[in-house]
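Protein chains: 2
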Amino acid sequence: MSKNFADMDGVFTNGIHCGVKKKRLDLSFIYVPNAVASAGVFTTNKFVAPSVTHTKKALRKRTLKAVIVNSGNANAGVGDLGKTHTKVMVNTTASALGLSPYEVGVSSTGIIGVPLPIEHVEAGIKKMLEKPKAKDAEATAEAILTTDTCKKMAYKEAKIGKKTIIVAGITKGSGMIAPNMATTLTYLTTNVDVSQAILQESLQEATADTYNMISVDTDTSTSDMALIFATGEYKIVQVGEELEQFKALLTDVMKDLAIQIMRDGEGATKLIEAHVSGAASKADAQKIAKSIIDSPLVKCAIHGEDPNWGRILMAVGKAGTKLNQEKVEVALGGECLFRNSEALSYNEDTVKTHLKKDTIIIEVNCNLGTGCAIAWGCDLSARYVEINTDYN
Amino acid sequence: MSKNFADMDGVFTNGIHCGVKKKRLDLSFIYVPNAVASAGVFTTNKFVAPSVTHTKKALRKRTLKAVIVNSGNANAGVGDLGKTHTKVMVNTTASALGLSPYEVGVSSTGIIGVPLPIEHVEAGIKKMLEKPKAKDAEATAEAILTTDTCKKMAYKEAKIGKKTIIVAGITKGSGMIAPNMATTLTYLTTNVDVSQAILQESLQEATADTYNMISVDTDTSTSDMALIFATGEYKIVQVGEELEQFKALLTDVMKDLAIQIMRDGEGATKLIEAHVSGAASKADAQKIAKSIIDSPLVKCAIHGEDPNWGRILMAVGKAGTKLNQEKVEVALGGECLFRNSEALSYNEDTVKTHLKKDTIIIEVNCNLGTGCAIAWGCDLSARYVEINTDYN
Numbered sequence: 069m070s071k072n073f074a075d076m077d078g079v080f081t082n083g084i085h086c087g088v089k090k091k092r093l094d095l096s097f098i099y100v101p102n103a104v105a106s107a108g109v110f111t112t113n114k115f116v117a118p119s120v121t122h123t124k125k126a127l128r129k130r131t132l133k134a135v136i137v138n139s140g141n142a143n144a145g146v147g148d149l150g151k152t153h154t155k156v157m158v159n160t161t162a163s164a165l166g167l168s169p170y171e172v173g174v175s176s177t178g179i180i181g182v183p184l185p186i187e188h189v190e191a192g193i194k195k196m197l198e199k200p201k202a203k204d205a206e207a208t209a210e211a212i213l214t215t216d217t218c219k220k221m222a223y224k225e226a227k228i229g230k231k232t233i234i235v236a237g238i239t240k241g242s243g244m245i246a247p248n249m250a251t252t253l254t255y256l257t258t259n260v261d262v263s264q265a266i267l268q269e270s271l272q273e274a275t276a277d278t279y280n281m282i283s284v285d286t287d288t289s290t291s292d293m294a295l296i297f298a299t300g301e302y303k304i305v306q307v308g309e310e311l312e313q314f315k316a317l318l319t320d321v322m323k324d325l326a327i328q329i330m331r332d333g334e335g336a337t338k339l340i341e342a343h344v345s346g347a348a349s350k351a352d353a354q355k356i357a358k359s360i361i362d363s364p365l366v367k368c369a370i371h372g373e374d375p376n377w378g379r380i381l382m383a384v385g386k387a388g389t390k391l392n393q394e395k396v397e398v399a400l401g402g403e404c405l406f407r408n409s410e411a412l413s414y415n416e417d418t419v420k421t422h423l424k425k426d427t428i429i430i431e432v433n434c435n436l437g438t439g440c441a442i443a444w445g446c447d448l449s450a451r452y453v454e455i456n457t458d459y460n
Numbered sequence: 069m070s071k072n073f074a075d076m077d078g079v080f081t082n083g084i085h086c087g088v089k090k091k092r093l094d095l096s097f098i099y100v101p102n103a104v105a106s107a108g109v110f111t112t113n114k115f116v117a118p119s120v121t122h123t124k125k126a127l128r129k130r131t132l133k134a135v136i137v138n139s140g141n142a143n144a145g146v147g148d149l150g151k152t153h154t155k156v157m158v159n160t161t162a163s164a165l166g167l168s169p170y171e172v173g174v175s176s177t178g179i180i181g182v183p184l185p186i187e188h189v190e191a192g193i194k195k196m197l198e199k200p201k202a203k204d205a206e207a208t209a210e211a212i213l214t215t216d217t218c219k220k221m222a223y224k225e226a227k228i229g230k231k232t233i234i235v236a237g238i239t240k241g242s243g244m245i246a247p248n249m250a251t252t253l254t255y256l257t258t259n260v261d262v263s264q265a266i267l268q269e270s271l272q273e274a275t276a277d278t279y280n281m282i283s284v285d286t287d288t289s290t291s292d293m294a295l296i297f298a299t300g301e302y303k304i305v306q307v308g309e310e311l312e313q314f315k316a317l318l319t320d321v322m323k324d325l326a327i328q329i330m331r332d333g334e335g336a337t338k339l340i341e342a343h344v345s346g347a348a349s350k351a352d353a354q355k356i357a358k359s360i361i362d363s364p365l366v367k368c369a370i371h372g373e374d375p376n377w378g379r380i381l382m383a384v385g386k387a388g389t390k391l392n393q394e395k396v397e398v399a400l401g402g403e404c405l406f407r408n409s410e411a412l413s414y415n416e417d418t419v420k421t422h423l424k425k426d427t428i429i430i431e432v433n434c435n436l437g438t439g440c441a442i443a444w445g446c447d448l449s450a451r452y453v454e455i456n457t458d459y460n
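These protein sequence lines map, in sequence, to chains A and B. Residues 69 to 460 in the numbering used here are what the first sequence lists, from first letter to last. Residues 69 to 460 in the numbering used here are what the second sequence lists, from first letter to last.
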C-alpha cells in the first residue's frame, strides 16, 4: 500500500462512527502535537459556518496542533446553537489533548439547517481521543466524506537541500465545488520547519493554482477549508530555491488531491483539463480556463464525446478578457481544430479516440501574450441532475 | 388573435423557407421604410459573428430601415467566407428594398463552423422581397427559431400624453442564454418619434432590467442582438414623464419576451423568479439575484420541488456582495423559511403547493439597504443535459 500522511513522524489521526450518520464513519481528528507552524485557507462564501469562524480566529491567535472533523452535518443555519456546538467540539478536543481551544481547528460538513446531535459527537470525541496516538489515516480519509464515492489521499516526497521533505494530505468533495480562494475540506501535513507566515504564503500560492482552478458546478460551499500542519522535522531555507522547491511540492500534492475531487465530481465520467496559453496575462488565462470548464454546454458536449469547438470558442469569448478572435487556436487531444477564424480538417480518429478517454485535454492558444493557466473540470451528465434533484 | 408588431402602420415583415434548414422556415425580414430612429444592443462575447460586426457598424453610420435574418446557421467560425456571406445577404436585401447597405441589419443564428448555403439564402431573399409590404409576423416569429419549442411575441400599448404608444416585438432563444448587456435575437418596433440617442438609451436601460437578468445556462452566444425600429408616428417629449413612460412600456415588453425565453429554456419545466431586496445597492441585488438563478444546485432543488433554503443561502453568499449573514431572510412562495440565522417552522402545505406550480418565487431580503432586483431563471433537468449531449 502506498504511504499516507499518518506514516509521517509526529502525525496522529483516526476516524470513527459516532452517530451523526447512520452507519458510516463520521468523526475524525488529526493531531500534530509538536507542530511548529500551521496555516489555512477558507471559503469566500459570505455565509460561513461557525466551524470556519472559529478556525480562522484560532489560526490568527495560535499555531494549530489539532483539528476535529465531523461529516454528515454542517452545523450551519441553526442560529446560535451552531456556535455553541462548535465550542463543545473544540473544548472537548482541547481538554482531551491538553491543548488551548485556539490550538484546535474544527470542520463540520454535511446537511445544513439541522442541529448537530451534539451528545453523540461529544461522547465520540472523548472515546476517540482515548487513543490520541492512533495512526489510521484510511479511517480519517473515510470519515470526512459526504457524497464522495471514494477516499482521496496523496503523499509525495522531494529532496530539498539534503533532506527528504514530505507533503501529504487528504481531501473530500464531490458537489458544490467551486472553491475560489478556498477549498473543500483538505488537511495537509509536512515535515518542514518554516514560519507560520511562510507556510501561509505557500498554502495560498499552491491553492491559487490548484483548488481555485477546479469546479464541479460553480457552487461554493459555506464550510470549506484547507489546513496544513508542519511537524518541524527539517529546517529549510525560507527564501530562494529551497522555498520554491517546497512550494512546488505542496502545489503538486494539492493538484493531485484537487484532480481526485474532479474525478469524483457528482455524476462525472470524465476529467476535463483546459490548458490556456498565449493569453495577455496569467489572470486572463485563468479566467478563460475557468470559463471553459464551467460552461454547461462544453461539459455536455464532452459528456456526449463531441468535438464541439464552437462551444469552446463561445466559452473563451464570454470570459471577457483581452482577445483577438482572429488569432485564437483550439486543439482537442493534441489535434488542432480551429485556427485563423475557421475550422480545420483534422484526424477524426485521433479526436474520437481521445474523446473516449477519461481525461479530455482542451488546449486554447490566444497567441496574444505569455499568460498560461490550467483548470480542471468534469463533464455534466444527467446523473448530476438526478443526484441533486432526488436527494430526499 | 392578439395583436402583433405587423399590425403597426409602416411595419412590414415575412418569413419563408429557403433551404438552410430541411423543412422549417429559416429566412425572414422586418422592414420599416420610414424608420426615424433605430437602436441595438449586442453580445458581449469576444467572439462575434460577422452579422454582429456588420449590424453594429451600420447602426453607427445610419438609421436601420430593415433587418434580414436567417436561422439554422450562425455564419460564424468559417473564416473570411462569413464576412463575404454577410455582405451578400446585406447587399441583396439593400438592393431589393432600394436601401443603402448601412440601412440593413443582419442576423444569423444556428450551427457554428459550417458554411452558409449562400445560394439558397440569396435566392430566398430575392423571392421573399418581391413582396416587401407583407405583414406576416407569425411567419417571421417562426422563421427566427432554432431549438425553441414555441414562437415568442409581445404587443403592448400605453397612453403617453394624448397618444397611444405601441411597443411590440419578437424574440428567440432557448439555450446558450446568458445575454449580459445584450440578448438573444430580439426585434422590436414602436410608433414613437424619438432621436436615435434616446432610443439607444431606452433600449440599453430596458435591456439591463430584463434580458440581462435572465439566464438558462450562463452561456453567452456569439451572435446575439436586439434591434428596435421607431416608425416616427407620434412625437413624445424626450425628457421627463413621457420619456419615463415610454421606457417603462419598452421594459414591460422586453420583460414579457425575456420571460417567454426562460419558460422555453432547454429542458425547463419551471420559471424561477429571484426577488432580492434590502441589498446594499442595486448592483449587489442584481449579483445576488443572478447568483441564485445561476446556481445548478438551486436549479436542481427547484426541479425536485424541494424547499432547499440551504442552497439558496449558499448562492446568496457566493455572490460576493456586502452581506450580514445574521440579517438575511429567505422566503419561498411567500412563506419565510429562514431568519435570524436559523430555519423557521413554516406552513409546509403552502410551500409544497407553491413548488408544484410552474412559476417559483424565491424572495431574499438582505435587510442592509435599499437595493432591489429581480432575475429570471429556470430549473435544471436531465432533459437539458440530454438536449445538449445528444444533438448529433
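Note that beta-carbon positions come from the ideal geometry of N, C-alpha and C, so glycine has one too.
Minimum Cβ-Cβ distance from residue i to chain B less than 8 Å
i, result
"serine 449(A)", "yes"
"alanine 347(A)", "no"
"lysine 315(A)", "no"
"aspartate 285(A)", "yes"
"leucine 365(A)", "yes"
"asparagine 456(A)", "yes"
"histidine 122(A)", "no"
"methionine 513(A)", "With chain A covering only 69 through 460, there is no way to say anything about residue 513(A)."
is_contact[residue i, chain A] using C-beta, thresh 8 Å
i, result
"glutamate 416(B)", "no"
"glutamine 354(B)", "no"
"lysine 114(B)", "yes"
"alanine 357(B)", "no"
"alanine 410(B)", "The question names alanine, but residue 410(B) in the sequence shown is glutamate. Closer than 8 Å to some Cβ of chain A, the Cβ of glutamate 410(B) qualifies, so yes."
"methionine 249(B)", "With a pLDDT of 37 at methionine 249(B), under the threshold of 50, the modelled position of that residue is not reliable, and no figure is offered here."
"phenylalanine 406(B)", "yes"
"cysteine 434(B)", "no"
"valine 88(B)", "no"
"glycine 178(B)", "no"
Chain-order list of residues whose beta-carbon lies under 8 Å from that of residue i (same chain, five-residue window excluded)
i, result
"lysine 125(B)", "Tyr170"
"glutamate 190(B)", "Val156, Met157, Thr160"
"alanine 450(B)", "Gly335"
Distance cut-off 7 Å: residue i Cβ against heavy atoms of the ligand COA
i, result
"methionine 196(B)", "In the structure shown, the ligand COA is absent, as is every other ligand, since no ligand is present at all."
Residue nearest to residue i in terms of C-alpha spacing, selected from the options
i, options, result
"threonine 461(B)", "Tyr279(B), Gly229(B), Lys231(B), Glu225(B)", "Within the shown structure, residues of chain B are numbered from 69 to 460, placing residue 461(B) beyond reach of any answer."
"threonine 154(A)", "Ala207(A), Gly229(A), Val135(A)", "Val135(A)"
"isoleucine 212(A)", "Lys425(A), Gly385(A), Lys367(A), Lys89(A)", "Lys89(A)"
"glycine 140(A)", "Gly385(A), Asp374(A), Glu210(A)", "Glu210(A)"
"alanine 399(A)", "Gly145(A), His422(A), Thr389(A), Ala387(A)", "His422(A)"
"lysine 91(B)", "Thr214(B), Thr152(B), Val174(B), Thr131(B)", "Thr214(B)"
"serine 175(B)", "Glu312(B), Asp204(B), Tyr255(B), Leu165(B)", "Tyr255(B)"
"lysine 350(B)", "Pro118(B), Ala144(B), Gly437(B)", "Gly437(B)"
"glycine 192(B)", "Gly87(B), Glu397(B), Gly166(B), Asn259(B)", "Gly87(B)"
"phenylalanine 115(B)", "Leu167(B), Thr290(B), Asp204(B)", "Thr290(B)"
Neighbourhood of residue i by C-beta distance below 7 Å, restricted to the same chain and skipping five residues each side
i, result
"isoleucine 370(B)", "Lys338, Ile340, Ile428, Asp447"
"isoleucine 361(A)", "Ser283, Ile340, Ala342, Ala443, Trp444, Gly445"
"arginine 331(B)", "Leu339"
Bridge partner(s) assigned by DSSP for residue i
i, result
"serine 176(A)", "Asn138(A)"
"aspartate 443(B)", "Looking at the sequence provided, one finds alanine at residue 443(B) rather than aspartate. For alanine 443(B), which the question treats as bridged, DSSP gives the partners Ala342(B)."
"threonine 239(A)", "Lys220(A), Thr254(A)"
"valine 29(B)", "What is shown of chain B runs 69 to 460, which leaves residue 29(B) out entirely."
"methionine 293(A)", "Phe110(A), Leu253(A)"
"tyrosine 302(B)", "Val260(B)"
"glycine 166(B)", "Partner(s): none; glycine 166(B) has no beta bridge."
Cutoff 8 Å: residue i Cβ touching any chain E Cβ
i, result
"glutamine 393(A)", "The question asks about chain E, but that chain is absent: this structure's protein chains are A and B."
Own chain partners of residue i with C-beta closer than 6 Å, once the 5 adjacent residues on each side are dropped
i, result
"glutamate 310(A)", "Ile228, Gly229, Ile304"
Practice item. Tell me, please, whether the region 413-423 of chain A touches the region 311-324 of chain A by the rule of three or more beta-carbon pairs shorter than 8 Å. Key: Contact between the region 413-423 of chain A and the region 311-324 of chain A is absent: fewer than three C-beta pairs spanning the two stretches fall below 8 Å.
Exercise for review: Pair every Cβ in the region 135-146 of chain B with every Cβ in the region 88-107 of chain B, then say whether three or more of these pairs are closer than 8 Å.
Suggested key: Enough Cβ pairs lie closer than 8 Å, so yes.
Point to revise | Three CB pairs or more closer than 8 Å across the region 74-83 of chain B and the region 355-365 of chain A | key: No: the two stretches stay apart, fewer than three of their Cβ pairs being nearer than 8 Å.
Point to revise | Inter-stretch contact (C-beta, 8 Å, three-pair minimum) for the region 260-268 of chain B and the region 99-108 of chain B | key: Touching, per the Cβ criterion.
Practice item. Would you check if the region 192-200 of chain B and the region 425-439 of chain A touch, i.e. whether three or more CB-CB distances between them fall below 8 Å? Key: The region 425-439 of chain A vs the region 192-200 of chain B: no contact.
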